[in-house]
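The numbers in this note's numbering rise by one with no breaks, and the one at position 215 of the sequence shown is 217.
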Amino acid sequence: MEQRALGGSGLVVSRLALGTMTWGRDTDEDDAAAQLRAFVEAGGTLVDTADVYVEGTSERVLGRLLHDVVPREDVLVATKAHGATGSGAMGRGSSRGHLLGALEASLRRLGLDHVDLWQLHSWDPDVALEETLAALDSAVASGKVRYVGVSNFTGWQTAQAATWQRAWPGRAPLVSTQMEYSLLQRGVEREVLPACAALGLGLLPWSPLGRGVLTGKYRHTTPSDSRGASSHFKGFVEELLGPDAQRVVEAVVTAADGLGTSPLAVALAWVRDRPGVTAPVIGARTVGQLQGSLAAESVELPKEIRAALDDVSAPALGYPEQTRS
3 MEQRALGGSG
13 LVVSRLALGT
23 MTWGRDTDED
33 DAAAQLRAFV
43 EAGGTLVDTA
53 DVYVEGTSER
63 VLGRLLHDVV
73 PREDVLVATK
83 AHGATGSGAM
93 GRGSSRGHLL
103 GALEASLRRL
113 GLDHVDLWQL
123 HSWDPDVALE
133 ETLAALDSAV
143 ASGKVRYVGV
153 SNFTGWQTAQ
163 AATWQRAWPG
173 RAPLVSTQME
183 YSLLQRGVER
193 EVLPACAALG
203 LGLLPWSPLG
213 RGVLTGKYRH
223 TTPSDSRGAS
233 SHFKGFVEEL
243 LGPDAQRVVE
253 AVVTAADGLG
263 TSPLAVALAW
273 VRDRPGVTAP
283 VIGARTVGQL
293 QGSLAAESVE
303 LPKEIRAALD
313 DVSAPALGYP
323 EQTRS
């Protein structure tokens, strides 16, 4: 698998990342082990989790597998903090107290002495940005975190945080942001991607298959074993099942038929090779689903098909985005 630098940093990662949000709930430990093994055998290195995924179970599963299934040195571990992990005063948010406590808890669940990428899972309007970013600096200085990034920040939030870290020597620079990005969700192109390009952050798109909709599985019905039928994810999927999304899905299916590949491969190749993207985060319930995503590694979209997909999925731009040169 091709490797790419994460933003302007020295951290080099595989151009596909493995997501673990379903591990411990919709994906049992045996299936998770098969996924991790297949991912590493395909040349994948970056594995993404979070402290809130299945109340910490995803981190625990990943930690056990790093000891039993693949060598720790073959994997770059990324996790996140911010969400609710307790009921006390320090149970959630981006205060120094919660973040540093959450990091220690993540390391215990993972069975590691450090993580390679630690990400703020969301912006916290109730905590001074300086306090939050100082916690990132402390984590890096302690050796328990190698690189830091953000997730689900708006364009101005991304720019403010990244600029703050670049303004003083010795602070830990932000190297990445993790955002939803796919043919069905291109909102990051308005402000987030330009901010990343200007400030040296790599983009790690989550849900690059449009919450599974771009695979074409929901064209006619909702499969009983799909996320769309799951009590955990039904509403999440339904947000992308409207008529505009259907037009994009049909274009992806047509492109796949013409190329002799799957809609999944077309959708994943499109986002993988967008400007500013380092590594889409691919999640799967089963190793069979993951193998379908890994097969997209060999797919390169002709410029005519890429242009057609760009056009059918183009986000609406208004002032001032449409005037940007």
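C-beta: ideal position from N, C-alpha, C; glycine also.
> In its own chain, which residues sit with a C-beta less than 7 Å from the C-beta of V279, not counting the 5 before and 5 after it?
Replying inline: L205, P207, V273
> Below 7 Å between beta carbons: does that hold for P265 and G218?
Replying inline: For P265 and G218, yes; Cβs fall inside 7 Å.
> According to DSSP, is P175 helix, strand or coil?
Replying inline: coil
>> Using CA atoms only, rank isn't needed, just tell me which of T263, A164, S300 is closest to D275.
In response: S300
> Quick one: what's got a C-beta closer than 8 Å to V79's C-beta in the same chain, skipping five residues either side?
Replying inline: V49, T51, L64, L68, L112, L114, V117, D118, L119
> What residues match up with D50 in a beta bridge as DSSP calls it?
Replying inline: G21, A80
>> Taking the straight line between their C-alpha atoms, what separation do you get for G151 and I307?
In response: 33 Å
> Taking DSSP as the reference, what is the three-state secondary structure of G313?
Replying inline: Note that residue 313 is Asp in the sequence shown here, rather than Gly. Helix.
>> Suppose you measure from the CA of G262 to the CA of G294; what does that come to, to the nearest Å?
In response: 14 Å
>> Measuring straight from C-alpha to C-alpha, what distance separates W125 and S178?
In response: 14 Å
>> Which residues does DSSP list as the beta-bridge partners of W120?
In response: T81, V150
> Between D30 and A107, which are expected to be in contact by the criterion C-beta below 8 Å, what is the C-beta distance as a whole number of angstroms?
Replying inline: So it is not a contact: roughly 23 Å between Cβ atoms.
> Do you know how far the Cα of L38 is from the Cα of V71?
Replying inline: Their Cα atoms are separated by approximately 8 Å.
> With respect to the alpha helix (DSSP H) encompassing L13, which residues constitute its N-terminal and C-terminal limits?
Replying inline: Premise fails: L13 is in no alpha helix (DSSP H) and is neither H nor E.
>> With H, G and I counted as helix, E and B as strand and the rest as coil, what does DSSP make of P282?
In response: coil
>> Can you tell me where the alpha helix (DSSP H) holding A7 begins and where it ends?
In response: Note, A7: premise wrong, no alpha helix (DSSP H); beta strand (DSSP E) at 5 to 7.
> Roughly how many angstroms separate the alpha carbons of E252 and A269, rounded to a whole number?
Replying inline: Straight-line Cα distance between these residues: approximately 12 Å.
> Does the distance from the CB of V289 to the CB of A36 come in under 7 Å?
Replying inline: yes
>> Per DSSP, what are the beta-bridge partners of S184 in this structure?
In response: Q187
> Does the beta-carbon of W25 have 16 or more other beta-carbons within 10 angstroms, so that it is buried, or is it exposed?
Replying inline: buried
>> According to DSSP, simplified to helix, strand and coil, what is W208?
In response: Looking at W208 - three-state DSSP - the assignment turns out to be strand.
>> Within the continuous alpha helix (DSSP H) that includes S140, where are the two ends?
In response: 131 to 143
>> My output table needs one value for T288: the three-state DSSP class, helix, strand or coil.
In response: coil
> Does DSSP classify T59 as helix, strand or coil?
Replying inline: Secondary structure of T59 (DSSP, three-state): helix.
> Would you call the CB atoms of G9 and G157 closer than 7 Å?
Replying inline: no
>> In the DSSP output, which residue or residues are listed as bridge partners for T29?
In response: W25
>> Distance check for L296 and A286, CA to CA, integer angstroms please.
In response: Looking at the backbone, the Cα of A286 and that of L296 are separated by about 11 Å.
>> As a quick exercise: from R74, P282, A7, pick the residue whose alpha carbon is nearest that of E182.
In response: Among R74, P282, A7, the Cα nearest to that of E182 is on P282.
>> Helix, strand or coil for P322? Go by DSSP, reduced to three states.
In response: coil
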